[in-house]
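> FYI, full-length UniProt numbering numbers position 150 of the sequence shown as 150, with every residue one higher than the one before it.
Idealized CB from N, CA, C, for every residue including glycine.
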Amino acid sequence: MTNVEKEPGPKGASPAPSSDGLQEEKKKREYKDFGHDEEGPTKVLVDMDTIELKAEDLYDKEKVDLETIVIDDVFKLLQCDENGLPLDEAARRLELFGPNKLEVEEQNPILQFLSFMWNPLSWVMEAAALVAIALSNGQGKPPDWQDFVGIVFLLIVNSAIGFYEERNAGNAVKALMDSLAPKAKVKRAGQWSEIESANLVPGDMISFKIGDIVPADCRLTEAINVSIDQAALTGESLPQSKKTGDQCFS
């Protein structure tokens with residue numbers, strides 16, 4: 001969730017309706033961007049008074065759809081408020097949900113090296129090596145070990161060069177990503193601080209401004225003139241305007 005200034009209303013507006021009317025009107029207009037002319041508030045299909053915060057519940061859209069339920073229910077579901085999570089609760093959730101980053105599976109170096117021996121060019125070389133020892137020893141002739149050893153040597157050298165270049169490229173990309181690891185401005189225990197975005201947990205209150213990278217998928221609780229570049233996700237060339245209640249993707 002993000003916390004930014006609310007947009008002031010137009011001058012000369014009619015007298016403000018009652019608080020109940022405001023709440024109802026807010027819920028009706030909160031999700032018009034989902035392609036409906038008018039939507040009522042979407043409620044979760046769980047008992048909000050007895051819910052236990054579990055990863056499997058949050059990721060089960062049949063029970064809870066954090067993208068569409070009203071903001072009040074999001075606060076109840078994530079058991080948080082506008083002051084942010086207590087520090088001990090944030091630490092507990094980090095252990096429960098894990099870091100806010102994509103898991104990258106480390107490839108086995110041996111399998112990665114052998115993969116360079118599994119391509120059309122390598123198949124031709126491997127077939128030639130087998131021919132040198134299996135089909136070139138007829139009529140009393142011994143196997144052609146010289147050709148066999150030479151072909152295998154070239155195959156190993158070719159694979160070693162490909163392996164070395166790919167490992168170097170992968171290490172360079174990893175180093176670049178580590179150096180560009182985004183920070184996040186988060187509110188915990190009523191105080192704003194800056195942390196690694198990987199340490200964000202469900203229920204955190206975050207804030208970002210123009211030019212910032214959205215550090216995690218979130219719902220806007222307050223916003224003014226917010227536009228998000230979603231080209232990597234949707235292919236849209238222009239930034240998309242967002243308002244209170246909308247979802248932003250990291």
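#1: Using CA coordinates, which residue listed in Leu176, Ser197, Leu66 is at the minimum distance from Val186?
#2: Among the residues of its own chain, which have a CB less than 7 Å from the CB of Val74, if the five just before and after it don't count?
#3: Suppose contacts are defined by Cβ-Cβ distances below 8 Å. Is Ile228 in contact with Val214 by that definition?
#4: Taking all protein chains shown into account, do 16 or more other C-beta atoms lie within 10 angstroms of the C-beta of Gly170, making it buried, or fewer, making it exposed?
#5: When you compare the stretch 141-149 with the stretch 114-123, are there three or more beta-carbon pairs, one atom per stretch, that lie closer than 8 Å?
#6: In or out: Met177 buried (at least 16 other Cβ within 10 Å) or exposed?
#7: Helix, strand or coil for Trp118, going by three-state DSSP, please let me know.
#8: Suppose contacts are defined by Cβ-Cβ distances below 8 Å. Is Gly84 in contact with Asp204 by that definition?
#9: Which one of Lys242, Ala231, Tyr164, Glu236 has the shortest CA to CA distance from Thr221?
#10: What do you get for Ile156, buried or exposed, if any count of 16 or more other CB atoms within 10 angstroms of its CB means buried?
#11: Which class does Glu67 belong to by DSSP, given the choice of helix, strand or coil?
#12: Glu39 to Thr244, Cα distance in whole Å?
#13: When the distance is taken between beta carbons, is Ala175 closer than 8 Å to Phe148?
#14: Looking only at its chain, what residues have a beta carbon closer than 6 Å to the beta carbon of Gly162, apart from the 5 residues adjacent to it on each side?
To lay it out plainly:
#1: For the purposes of this step, residue 186 is taken as the residue at position 186 of the sequence shown. Comparing Cα-Cα distances from Val186 to each of Leu176, Ser197, Leu66, the minimum goes to Ser197.
#2: In the sequence shown, residue 74 corresponds to position 74, counting from 1. Counting only Cβ-Cβ distances below 7 Å, and skipping sequence neighbours, we find Leu66, Arg219.
#3: As a first step, residue 228 is located in the sequence shown; it is residue number 228 there, counting from the start. As a first step, residue 214 is located in the sequence shown; it is residue number 214 there, counting from the start. Going by C-beta atoms, Ile228 is nearer than 8 Å to Val214.
#4: Mapped onto the sequence shown, residue 170 falls at position 170. Classification of Gly170: exposed, given that the 10 Å Cβ count is below 16.
#5: No, because fewer than three Cβ pairs between the stretch 141-149 and the stretch 114-123 fall closer than 8 Å, the two stretches do not touch.
#6: Looking up residue 177 in the sequence shown gives position 177. Met177 comes out exposed.
#7: Along the sequence shown, read from residue 1 onward, the residue named residue 118 stands at position 118. Correct three-state label for Trp118: coil.
#8: On the sequence shown, position 84 is the one that residue 84 refers to. On the sequence shown, position 204 is the one that residue 204 refers to. For Gly84 and Asp204, yes; Cβs fall inside 8 Å.
#9: Reading the sequence shown from its first residue, position 221 is the one you call residue 221. For the residues Lys242, Ala231, Tyr164, Glu236, the minimum Cα distance to Thr221 belongs to Lys242.
#10: Here residue 156 refers to the residue found at position 156 of the sequence shown. It is exposed - the Cβ of Ile156 has fewer than 16 other Cβ atoms within 10 Å.
#11: Position 67 of the sequence shown, counted from the first residue, corresponds to residue 67. If DSSP states are grouped into helix, strand and coil, Glu67 belongs with coil.
#12: Residue mapping note: residue 39 aligns to position 39 of the sequence shown, counting from 1. Residue mapping note: residue 244 aligns to position 244 of the sequence shown, counting from 1. Unreliable placement is indicated for Glu39, whose pLDDT of 45 sits below 50; the coordinate value is still reported in the next sentence. Rounded to the nearest angstrom, the two C-alpha atoms are 15 Å apart.
#13: One-based indexing of the sequence shown puts residue 148 at position 148. One-based indexing of the sequence shown puts residue 175 at position 175. No, Cβ-Cβ distance for Phe148 and Ala175 is not below 8 Å.
#14: Along the sequence shown, read from residue 1 onward, the residue named residue 162 stands at position 162. Contacts found: Phe116.
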